[in-house]
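Residue 87 in the UniProt record's numbering sits at position 87 of the sequence shown, and the numbers go up by one each step.
Read the structure below first, then the notes.
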Amino acid sequence: MTKEKILEIKNLKQHFGSPSSPIKAVDGISFDVYKGETLGLVGESGCGKSTTGRSIIRLYDITDGEIIFKGQNVHGKKSKEEVKAFNREMQMIFQDPYASLNPRMTAGEIIAEGFTIHGLYKNKKERQMKIYELLEAVGLNREHANRYAHEFSGGQRQRIGIARALSLDPSFIIADEPISALDVSIQAQVVNLLKQLQKERGLTYLFIAHDLSMVKYISDRIAVMYRGKILEIGRADDIYHHPVHPYTKSLLSAIPLPDPLSEKRRTRIPYEHTEVPDSATYYEVDEEHFVYGTESLVTEWAKARTK
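Put into structure tokens, the structure is as follows:
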């Protein structure tokens, strides 16, 4: 059965600063996201993960490349109505649950803001019932609708952010490190909520994070990013258990282990970055498992992969 592509990224570049000395936050990446899946985008801080997500959802005007969502170019010329239609289809959950909520608005007003913009649920009772439905869908109560952001914990605020993202019934959600600002005890609850909502609503996720163990838990496929490039992309189990690129191996070796004895014996694998020649491209190592580099380098890395 052929999987349906919902998002295609083709040679995406996002540069900042002056043209003479640009900061290449995203430097020519390509990948696809299939309907109903979760693609995890991982890498260290500053590698360009969040910039990629913000470029996809049109928060930035891209420098070059194409972003195709459901067959249409996201950054092509669009009418006001087409932009609104796109905004209904794609939403974002932001990293900081403290900064992403307006402190002067109640939880109900925050969730309903999209209704006003898009002219939905004009009947007051219908509008209120939809707010209640969304609050309960993310594990909150109806009484929370009249509270302000400062009256909630970090986990509860992020649930409000999730409810806001769901308010327009999108098909695609970009989760930009949605658990990194939360206590460890709350992180699993939020990730399980996202998995449950995906199953119930048929959602597709781009899940951005730097915690590879959590990304493996939620993702169908994983893309590993470094210095604006995607170095390896494949099924979650392949990336986690049989990495090919040296950077992926280094990143995996940094995952802390919960057992003190195992943690004491854990060996970190250093990564020495070298400039990849201009002839580098993506090579298929196994089915759906691609690595960025030259053919000779990828062959060499694949021979030494972890079995």
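From the three backbone atoms N, C-alpha and C, an ideal C-beta is built for every residue, glycine too.
Extent of the continuous alpha helix (DSSP H) to which residue i belongs
i	result
residue 332	The chain is shown from 1 up to 307; residue 332 falls before or after that span and cannot be answered.
N146	Where N146 is concerned, there is no enclosing alpha helix (DSSP H), given that its DSSP letter is neither H nor E.
M105	Looking at the DSSP string, M105 is not in any alpha helix (DSSP H), and its letter there is neither H nor E.
V298	295-303
Y247	246-253
V184	184-201
residue 321	As displayed, the chain neither begins before 1 nor continues past 307, which places residue 321 out of reach and without an answer.
S213	212-218
Cβ separation of residue i and residue j, assumed to be a contact under 8 Å, to the nearest whole Å
i	j	result
T248	V224	5 Å
V26	S55	7 Å
A145	A107	6 Å
F207	A175	5 Å
Host beta strand (DSSP E) of residue i (start-end)
i	result
R127	Unbroken run through R127 is the alpha helix (DSSP H), 124-137; no beta strand (DSSP E).
I67	64-69
G53	Not the beta strand (DSSP E): G53 falls in the alpha helix (DSSP H), residues 49-56.
V42	38-42
Top-ranked residue by Cα proximity to residue i, from the options
i	options	result
F31	T281, A254, R127	T281
F86	P170, A137, L135, A112	P170
R159	V191, N146, Q128	V191
K10	K229, K35, S296	K229
T2	E232, G36, E272, S21	G36
P97	T274, G161, E113, G43	G161
R164	E263, M90, K77, P270	M90
F172	I179, Q187, R201	R201
S50	F69, N73, H75, I93	I93
I255	I62, D238, H210, V276	H210
T63	I222, G71, Y148, T52	T52
Residue(s) in a DSSP beta bridge with residue i
i	result
A175	I93, F207
Q72	F69
V291	E232, Y283
K13	D27, D64
M225	I230
E8	D32, I68
Residue burial classification, residue i (beta-carbon count within 10 angstroms, cutoff 16)
i	result
F290	buried
G155	buried
residue 308	Residue 308 lies beyond the residue range present for the chain, which begins at 1 and ends at 307; the question has no answer from this structure.
T116	exposed
H245	buried
L261	exposed
F16	exposed
V83	exposed
A188	exposed
V184	exposed
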